[in-house]
Amino acid sequence: MGDILQVTGLYNRAPQFKFARRDSMVLSIQVEATTEEDLLKGLNHVTIVLCLQEESFNSLYREMRSKDGSIGALEVRVVQQGTFDSLMEYFISRGASESQYKTPLCLNSSEALAVLENNVCARFFSDKSPPL
């Protein structure tokens, strides 16, 4: 899609991202020019973080993920800038109060989920099953 994202840190071992720039532009971070290659290295680090996160889960999870395959790989989906504003607009259009709106932690609406799905610009998966 041409969006470049920056890994800004971890929250409970989950990666956090920040939209950095569009492709073919230079972003200045602390007076240092950061190239697309540098940012992609940061994003590739996400896979390592996902694998480490999986290793911390309990034995039941690891068994279901590794042996019987009933649980798939952990996945991080990066969405375009403004996606969560669009999600808020979706809920407000269906009667939610703008002043009381909070980004949902879980979606049960296929239409709301489509708002997110239609704006995915990158996906990252844990690349191996956790050890048993």
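Going by our numbering, the letters in the sequence shown line up with residues 32 to 163, in that order. A virtual CB, placed ideally from N, CA and C, is assigned to each residue, including glycine. Note that the coordinates shown come from a computational prediction; the quantities given were computed from them, not determined experimentally.
task = State the beta-bridge partners of Pro46 as determined by DSSP.
result = DSSP output for Pro46 lists Leu41 as bridge partner(s).
ask   = Counting along the chain, where does the alpha helix (DSSP H) carrying Ala104 start and finish?
value = Here Ala104 belongs to no alpha helix (DSSP H), and DSSP marks it neither H nor E.
ask   = How big is the Cα-Cα spacing for Met95 and Ser157?
value = 15 Å
query = Excluding sequence positions up to five away, which residues of its chain have a Cβ less than 6 Å from the Cβ of Phe88?
reply = none
task = Per DSSP, which residues does Ala153 bridge with? Please list them.
result = Val109
Spatial neighbours of Gln102 in its chain, beta-carbon cut-off 8 Å, leaving aside the 5 residues before and after = With the sequence shown as reference, residue 102 is identified as Ile, and Gln is not the correct amino acid for it. Taking Ile102 as the centre and dropping the five residues before and after it, the same chain places the C-beta of Tyr92, Met95 and Arg96 closer than 8 Å to its C-beta, in chain order.
Nearest-angstrom Cα separation, counted from Asp116 out to Glu106 = 22 Å
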